[in-house]
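Chemist:
Residue numbers (the working numbering): 20 to 258.
Following this line, the structure appears as structure tokens:
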């Protein structure tokens with residue numbers, strides 16, 4: 020079985036020709052030393068995973084032919100991750116792990132104490148794609164643009180519940196037993212913590228559930244992974 024997996028933004032069906040972009044052609048020809056006739060795995064986030072044969076390859080371009088579906092499309096649960104960006108490498112880590120662990124959408128937000136005032140959405144989306152390529156997934160979560168948390172909450176659909184990982188509740192770890200299934204979002208705060216006005220607003224929302232992640236206050240990137248694992252094990256596709 021082919022070991023190389025690529026995300027291809029192109030329809031996939033038996034006999035479908037697929038044009039490689041410059042980066043993909045360079046990766047296959049120069050980095051992975053692939054040649055015409057070799058087989059790789061491709062997916063587009065919609066049509067499952069496909070075995071594709073390299074028909075033509077050069078440093079800057081090439082063509083694949085989709086031969087057969089090797090795995091069905093598997094979409095994650097309806098779970099969003101909302102987080103305040105932190106340092107570059109740790110923000111990258113959050114996006115990568117969220118994609119690996121089955122978040123359907125990733126939303127960076129600006130809070131009152133967020134240290135990062137802007138992000139490179141295209142770079143973070145590329146990290147989500149790379150994570151999906153490496154973990155065997157067939158779905159790539161959308162990474163949104165950075166928006167103020169207040170604006171996001173202004174238009175919030177209360178049919179989607181929010182799991183608020185609140186460091187102020189540090190203490191005995193909680194389970195999610197008894198919480199309803201359905202659309203959820205996990206909310207992870209900034210390194211500087213929540214402002215009092217943010218706490219008041221979140222506490223007043225009926226769709227928000229506050230939880231403790233244990234007796235120690237976790238870094239934002241650790242809290243994101245812990246929250247995703249807790250939700251997936253109780254309400255998601257790990258249960």
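Glycine is no exception: its CB is placed at the ideal position from the N, C-alpha and C atoms.
#1: State the DSSP-derived secondary structure class of residue 250, mapped to helix, strand or coil.
#2: The alpha helix (DSSP H) with residue 168 in it runs from where to where?
#3: May I ask you to list the residues that DSSP assigns as paired with residue 260?
#4: Once you ignore the five residues that flank residue 88 on each side, which residues in its own chain have a CB closer than 6 Å to its CB?
#5: Three-state secondary structure (DSSP) at residue 47?
#6: So, for residue 120: in the same chain, excluding its five sequence neighbours on each side, which residues have a beta-carbon less than 6 Å away from its beta-carbon?
#7: Buried or exposed: which applies to residue 130, given that a residue is buried once 16 or more other Cβ atoms fall within 10 Å of its Cβ?
#8: Go through the stretch 26–75 residue by residue and report every complete run of the beta strand (DSSP E) that reaches 3 residues or more, in order.
#9: Going by other Cβ atoms of all chains shown within 10 Å of its Cβ, with 16 needed for buried, is residue 78 buried or exposed?
#10: Hey, how far is the Cα of residue 49 from the Cα of residue 115?
#11: Between residue 192 and the rest of its own chain, which residues show a CB-CB distance below 8 Å, the 5 nearest in sequence each way excluded?
#12: Mapping the DSSP letters down to three states, classify residue 92 as helix, strand or coil.
#13: What does DSSP give as the partner residues of residue 82 in its beta bridges?
#14: Note down the Cα distance separating residue 259 from residue 162, rounded to an integer number of angstroms.
#15: How big is the Cα-Cα spacing for residue 186 and residue 148?
#16: Mind checking residue 256: buried by the 16 CB within 10 Å criterion, or exposed?
#17: List the residues that DSSP assigns as beta-bridge partners of residue 103.
#18: What three-state label does DSSP hand residue 162 in the structure shown?
#19: Just to confirm, are residue 61 and residue 84 a CB contact at a threshold of 8 Å?
#20: With distances taken between CB atoms, is the gap from residue 204 to residue 181 smaller than 8 Å?
#21: Select from 107, 90, 117 the residue whose C-alpha is nearest the C-alpha of residue 101.
Modeler: A quick look at the data gives this:
#1: helix
#2: 168–173
#3: Nothing about residue 260 can be read from this structure; the chain reaches only from 20 to 258.
#4: 67, 69
#5: Residue 47 falls in the helix class under three-state DSSP.
#6: Excluding positions up to five away in sequence, the list reads 247.
#7: buried
#8: Fully enclosed beta strand (DSSP E) runs of 3 or longer: 36–39, 58–62.
#9: exposed
#10: In this structure, the alpha-carbon of residue 49 lies about 25 Å from that of residue 115.
#11: Sequence-distant Cβ neighbours of residue 192 in its own chain, meaning closer than 8 Å and more than five residues away, are 231, 232, 233, 234.
#12: coil
#13: 38, 75
#14: Any question about residue 259 goes unanswered here, given that the chain covers just 20 to 258.
#15: 30 Å
#16: exposed
#17: Answer is none; residue 103 lacks a bridge partner.
#18: strand
#19: no
#20: yes
#21: 117
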